[in-house]
Amino acid sequence: MTLFISLLRGINVGGRNKLPMASLRDLLSGMGYADVQTYIQSGNCLFRSAEDDPDVISQNIARAIEESFGFRPHILTLTQARLDAVIAANPYGEAAEADPKTVHVYFMSAAPTAPDITALDTIKTSKERFELNGTAFYLYAPDGIGRSKLAARAEAKLGVPATARNYRTVLMLRDLSQQSSQSPT
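Here the sequence shown stands for residues 1 to 185, where the numbers follow UniProt numbering.
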């Protein structure tokens, strides 16, 4: 069985799309996934699956959530290798090491075909930096993500659905996946 990381978008935000992590773990276990773990309330899951297609896994989980909880979140499922590659390609490693909450990764299911880089450049502040690398968009926002116009508009300007995680969460998912890979199944 292969280890996967699923990132659920838009759950437990502002009182909408409530999905307790214990319920999510039960749902995933009931679907036949093994060694299910969650990390924080924003929908980060790790599990093992006999299914080897991340897109099929995402669709199956989204459908099960819709049937059980009445809403269908966007889900992106990654392999451990893809997560490791995203971390290795981080152009803001020093900033992330110094203050992980200043760096965010937008994970996308497909590389943007026509991203509006000019618009992204126009709306960023003088301190913000970004880089698009395949299916990952890296944002360095030293003044915080909450007030960043670039953070708020990045997905629309990229032109593909994305789900963002701060770098502290990205590193924790890596650590959890490494621990899970080392433990016997």
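Cβ atoms here follow ideal geometry from the backbone N, Cα and C, with glycine treated the same way.
Where the beta strand (DSSP E) through residue i begins and ends
i, result
"residue 140", "136-140"
"residue 165", "162-166"
Cβ neighbour criterion (16 or more within 10 Å) applied to residue i
i, result
"residue 20", "exposed"
"residue 154", "buried"
"residue 102", "buried"
"residue 56", "exposed"
"residue 124", "buried"
"residue 97", "exposed"
"residue 152", "exposed"
"residue 88", "exposed"
Top-ranked residue by Cα proximity to residue i, from the options
i, options, result
"residue 6", "16, 18, 48", "48"
"residue 114", "127, 123, 132, 122", "132"
"residue 28", "68, 121, 139", "68"
"residue 95", "148, 150, 179, 142", "142"
"residue 17", "74, 104, 99", "74"
Residue i: first and last residue of the uninterrupted alpha helix (DSSP H) it sits in
i, result
"residue 219", "The chain is shown only over 1 to 185; residue 219 falls outside these bounds and no answer can be derived."
| message | To test your reading of the DSSP string, which unbroken beta strand (DSSP E) runs of 3 or more residues are found completely within the region 1-82? | response | Listed in chain order, they are 2-9, 34-39, 44-49, 74-79.
| Going along the chain, which unbroken runs of the alpha helix (DSSP H) with 4 or more residues stay wholly within the region 92-143? | When DSSP assignments are scanned along the region 92-143, the uninterrupted stretches of alpha helix (DSSP H) that are 4 or more residues long and fall wholly within it turn out to be 93-98, 117-123.
| Is the region 160-177 touching the region 25-43, taking contact as three or more C-beta pairs under 8 Å? | Touching, yes, given that three or more Cβ pairs across the two stretches are closer than 8 Å.
| Cβ contact check for the region 150-159 and the region 101-119: 3 or more pairs under 8 Å | Yes, they touch.
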